[in-house]
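So the structure is just underneath, and the comments pick up after that.
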Amino acid sequence: MSESINGERRRFVGAAAAALSAARLGVIGSVVHQMACAALADRNEGALPSLSGATEWLNSPPLTPAGLRGKVVLVDFWTYTCTNWLRTLPYVRAWAQKYRDEGLVVIGAHTPEFPFEKDIDNVRWAAKEMDVNYPIAVDSDYGVWRAFDNNYWPAVYVADVNGRIRYHHFGEGAYDETERVIQRLLKESGRTVDGGLVKVSPRGLEVAADYGTLRSQETYLGYERADSFAGDALQDAAREYTVPAKLGLNQWHSPGIGR
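What the sequence shown shows, in my numbering, is residues 13 to 271, in sequence order.
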């Protein structure tokens, strides 16, 4: 994936982190969230784009905008190595389960960031391992990505029963807001919906970062783009590494680096 897209992704994730921090400080109150949600749900961002660019479907036969009429549709762009997406997964999974019988269809558009994520066996393994049991549009050729004119992981788009996109969100966060939009669009379709919000129990990499102490940026294991590595990495040569006795906040190390 191009550096420009990676840069845009980091900027949006950073903005999401800032919004979450503001919410914790009480800058954004629940009333403001509800007002913003109502305003967003009144938007019309155009028709739900074609899903025909998917190279394969998992957990479902191929789905189409026409066939989805009468359903509220949430399209979630993901790729299985994206930590930022992993932190959103507990909510997307919970929404798919809670509102499935009320008329919500969740579609995970798996668009790879790295070449190995195009391997369908890897995608199948990840979907099973991460309990992604809703329909998956395997988007290895970026057909669905381009149809939505999307540039971010994660990205959520929500369409109403008439096939109009009424809401989108890029990056982590805005979980209450997104769920309120789902509820409103289901109610617009005549469904009776429980107004409570889902409660999730993230596990492992699904656990959100502690934005109050987070100081490290997105990093890579290669020495050219690694950040906050605790020690000096020997470049282009084998070396045995030993993890320091103590790591500082936001530092990382691995005894396998360089071997």
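Where is the CB? At the ideal position from N, CA and C, for every residue including glycine.
Element boundaries [alpha helix (DSSP H), containing VAL104]: VAL104: member of the alpha helix (DSSP H) spanning 95 to 111, first to last residue.
Bounding residues of the alpha helix (DSSP H) (the contiguous stretch that carries GLY120): Careful: GLY120 lies outside any alpha helix (DSSP H), inside the beta strand (DSSP E) at 116 to 122.
Proximity below 7 Å, CB of GLY115 to CB of LEU198: For GLY115 and LEU198, yes; Cβs fall inside 7 Å.
For GLY65 and GLY155, the rounded distance between their alpha carbons: When rounded, the distance between both Cα atoms is 4 Å.
Chain-order list of residues whose beta-carbon lies under 8 Å from that of TRP10 (same chain, five-residue window excluded): What is shown of the chain runs 13 to 271, which leaves residue 10 out entirely.
DSSP three-state assignment for GLU189, whether helix, strand or coil: In the three-state scheme derived from DSSP, where H, G and I count as helix and E and B as strand, GLU189 is classed as helix.
Member of GLY202, GLY185, PRO73 whose CA lies at the smallest distance from the CA of VAL84: Closest option to VAL84, Cα to Cα, is GLY202.
Beta carbon of GLU141 nearer than 7 Å to that of THR91: Between GLU141 and THR91, the gap from beta carbon to beta carbon reaches 7 Å or more.
TRP69 (DSSP reduced to helix, strand or coil): Three-state DSSP puts TRP69 in a strand.
Cutoff 7 Å; reference VAL210; Cβ partners in own chain excluding five residues on either side: The beta carbon of VAL210 sits closer than 7 Å to those of TYR103, ALA106, TRP107, LYS110, GLU191, all from its chain and outside the five residues before and after it, given in chain order.
Pick from PRO73, GLU218, TRP157 that is closest to GLY185, judged by C-alpha positions: Distances from the CA of GLY185 to each of PRO73, GLU218, TRP157 were compared; the closest alpha carbon is that of GLU218.
Reference PRO77, options GLY224, VAL205, GLN263, ASN174, closest by Cα: Here the closest residue by C-alpha is ASN174.
Closest by C-alpha distance to GLY208, when choosing among THR225, PRO214, TYR187, TRP264: It is TYR187.
Spatial distance of HIS265 from VAL87 (CA atoms): In a straight line, the C-alpha of HIS265 is about 36 Å away from that of VAL87.
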